[in-house]
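>
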Ligand SMILES: [Fe+2]
């Protein structure tokens, strides 16, 4: 009986396809979506879809979370207003490293990722604004534009939903021994600048990586060309790899009323590979197209210690072998060291 259910599910979940872009074929992955109502009612079939999608594809969507669409549209409008400010004003909200500030606030082109050919490439067209959710005295907020209110309103909803999904799939509580009580989430506004001709040299707005925390909530992206909203260009968007032996597939996420969820590396470590982190990257749009979105990251408490048997223990960031202890503080700090580009001029 169980076998039959699994077979039916794998058919349900195997709805991927492809689209042609010039001479290139882009593999696509349709996003599995359940309704907020079904999630709240704990509809058994919907929960199976939710879990299977996260375990097999690493990504799932929940549609029609009350209040979500309005908060999302307000946030994107405000993110655009902030991005239109002069660069020197935006830079004034970057962390002041001399004062010991590390990452909250404005950030431009500070992450590097390893390309398949082994080269490390800086994502120089990626612009971010980081803030804790719920709001904290440590957060920096611009005076020219009220980014804080829509960031916090949307971030709170993303936080509530992400934590509820984590509980449903066993990432929190007795299965992992991890609780998020009192741990702030980290929100990240993302603005990808127009790529011009740079897409030939580096086709990615954001190179392939796995989020290093427990879990991530994210929005469908919004695209603009010459100030006008446009649909997601075929070549652009979020791509995920569902397993090591498969290529990256474009996630078809064109419904703005859908909130999405991905798995992070510490989630994989804490479940001993029971669930796997979602490898993903963002492909550039050609020409004068800009992209806006937001991600909300779930950290484990810094003092939480795991004794993992995951294959990720082989990563040097773990600082030991299978079964050895590793705190989230260690994993978090080592991950920042690996991916964040040091700006010597501000140290
Ligand atoms: Fe990511």
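Numbering (this note's numbering), first residue to last: 69 to 415. All C-beta atoms, glycine included, are put in the ideal place defined by N, C-alpha and C.
(1) In chain order, what are the residues with a CB under 7 angstroms from some non-hydrogen atom of ligand 1?
(2) Beta carbon of residue 279, beta carbon of residue 330: below 8 angstroms?
(3) Leaving out five residues before and five after residue 403 in sequence, what residues of the same chain have Cβ atoms less than 7 angstroms from its Cβ?
(4) Might you give, ordered along the chain, the residues of its own chain that have their beta carbon closer than 6 angstroms to the beta carbon of residue 370, omitting 5 neighbours on each side?
(5) Is residue 151 near ligand 3, in the sense that its beta carbon is under 7 angstroms from a heavy atom of that ligand?
(6) Select from 388, 169, 234, 263 the residue whose C-alpha is nearest the C-alpha of residue 359.
(7) Classify residue 402 as helix, strand or coil using the three-state DSSP reduction.
(8) Can you tell me whether residue 393 is helix, strand or coil according to DSSP?
(9) With a threshold of 16 other CB atoms inside 10 Å of the CB of residue 327, please say whether the residue is buried or exposed.
(10) Apart from the five residues on each side of it in sequence, which residues of its chain come closer than 8 angstroms, Cβ to Cβ, to residue 372?
(11) I need the boundaries of the alpha helix (DSSP H) containing residue 388, first residue and last residue.
(12) When the Cα atoms are used, what is the spatial distance from residue 400 to residue 322?
(13) How far does the beta strand (DSSP E) with residue 200 in it reach, from first residue to last?
(14) Exposed or buried, what is residue 93 when buried is set at 16 or more other beta-carbons lying within 10 Å of its beta-carbon?
(15) Quick check on this structure: which residue in 151, 134, 196 has the alpha carbon closest to the alpha carbon of residue 364?
(16) Assess, as a yes-or-no matter, whether the region 226 to 236 is touched by the region 152 to 166 under the definition of 3 or more beta carbon pairs within less than 8 angstroms.
According to the structure data:
(1) 274, 277, 279, 284, 348, 363
(2) Start at 1 with the first residue of the chain shown, and residue 279 comes out as number 211. Start at 1 with the first residue of the chain shown, and residue 330 comes out as number 262. Taking 8 angstroms as the Cβ cut-off, residue 279 and residue 330 qualify as a contacting pair.
(3) Position 335 of the chain shown holds residue 403. Here the set comprises 280, 385.
(4) For the purposes of this step, residue 370 is taken as the residue at position 302 of the chain shown. Result list for residue 370: 396, 397, in chain order.
(5) With respect to ligand 3, the structure shown offers nothing to examine, as its ligands consist of ligand 1.
(6) Numbered from 1 along the chain shown, position 291 holds the residue referred to as residue 359. It is 263.
(7) Your numbering for residue 402 matches position 334 in the chain shown. Correct three-state label for residue 402: helix.
(8) Stepping through the chain shown from its first residue, residue 393 is reached at position 325. Here residue 393 sits in strand by DSSP.
(9) Position 259 of the chain shown, counting from 1, holds the residue named residue 327. Burial call: buried.
(10) To locate residue 372, count along the chain shown from 1; it is residue 304. Only 245, 246, 395, 396 meet the Cβ criterion.
(11) As a first step, residue 388 must be located in the chain shown, where it is residue number 320. Residue 388 -> no alpha helix (DSSP H), and no H or E assigned at all.
(12) For this step, residue 400 is matched to residue 332 along the chain shown. For this step, residue 322 is matched to residue 254 along the chain shown. Cα to Cα, residue 400 sits roughly 32 angstroms from residue 322.
(13) One-based indexing of the chain shown puts residue 200 at position 132. Taken as a continuous stretch (DSSP letters only), the beta strand (DSSP E) holding residue 200 covers 194 to 201.
(14) Residue 93 sits at position 25 when you count from the first residue of the chain shown. The residue in question, residue 93, is exposed, as its Cβ has fewer than 16 Cβ neighbours within 10 Å.
(15) For the purposes of this step, residue 364 is taken as the residue at position 296 of the chain shown. Looking at the Cα atoms, 196 is the closest of the given residues.
(16) no
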